[in-house]
Amino acid sequence: MVRPDPTKWDQTLADFRRLSIQAEHARTRERFLALYMIGTNQTNATRWADEIGRDDDTVMGWVHTYNQLGPEALYYRRTGGRPPFLPKSKSVS
Numbered sequence: 003m004v005r006p007d008p009t010k011w012d013q014t015l016a017d018f019r020r021l022s023i024q025a026e027h028a029r030t031r032e033r034f035l036a037l038y039m040i041g042t043n044q045t046n047a048t049r050w051a052d053e054i055g056r057d058d059d060t061v062m063g064w065v066h067t068y069n070q071l072g073p074e075a076l077y078y079r080r081t082g083g084r085p086p087f088l089p090k091s092k093s094v095s
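Pasting the structure below:
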């Protein structure tokens with residue numbers, strides 16, 4: 003069974019929970035929530051993938067990526083495609 007190994011990266015399961023709430027991007031939050039749910043034995047990768055509408059290979063990939071490359075590898079980075087239609091607006095003071 004695939005499980006995240008937070009001790010390898012000086013993290014705890016509580017860190018997964020915190021990042022699943024506080025991370026800036028929704029995809030990053032989704033990935034850390036998956037690690038938290040799997041790491042706390044509340045579910046496994048296959049069941050969690052089914053619950054959130056993802057392929058089970060995707061969720062297992064997040065766990066493997068975390069175990070091999072660490073938490074930074076799970077942070078969302080825009081890697082291409084069209085730029086957003088409406089750029090983020092800057093607040094006017």
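In terms of the working numbering, the sequence shown opens at residue 3 and continues consecutively. For glycine and all other residues, C-beta sits at the position ideal for the given N, C-alpha and C.
Indicate the three-state DSSP secondary structure (helix, strand or coil) for residue i in the structure shown.
| i | result |
| --- | --- |
| H27 | coil |
| M3 | coil |
| D117 | Not covered by the structure: residue 117. The range shown for the chain is 3 to 95. |
| L88 | coil |
With distances taken between CB atoms, is the gap from residue i to residue j smaller than 7 Å?
| i | j | result |
| --- | --- | --- |
| L15 | F34 | no |
| A25 | R19 | no |
| P6 | V65 | yes |
In or out: residue i buried (at least 16 other Cβ within 10 Å) or exposed?
| i | result |
| --- | --- |
| M39 | buried |
| Q13 | buried |
| G83 | exposed |
(message) Between the segment 47-60 and the segment 73-89, can you find at least three pairs of beta-carbon atoms closer than 8 Å?
(response) In the pairwise beta carbon analysis, the segment 73-89 is classified as not touching the segment 47-60: fewer than three pairs are separated by under 8 Å.
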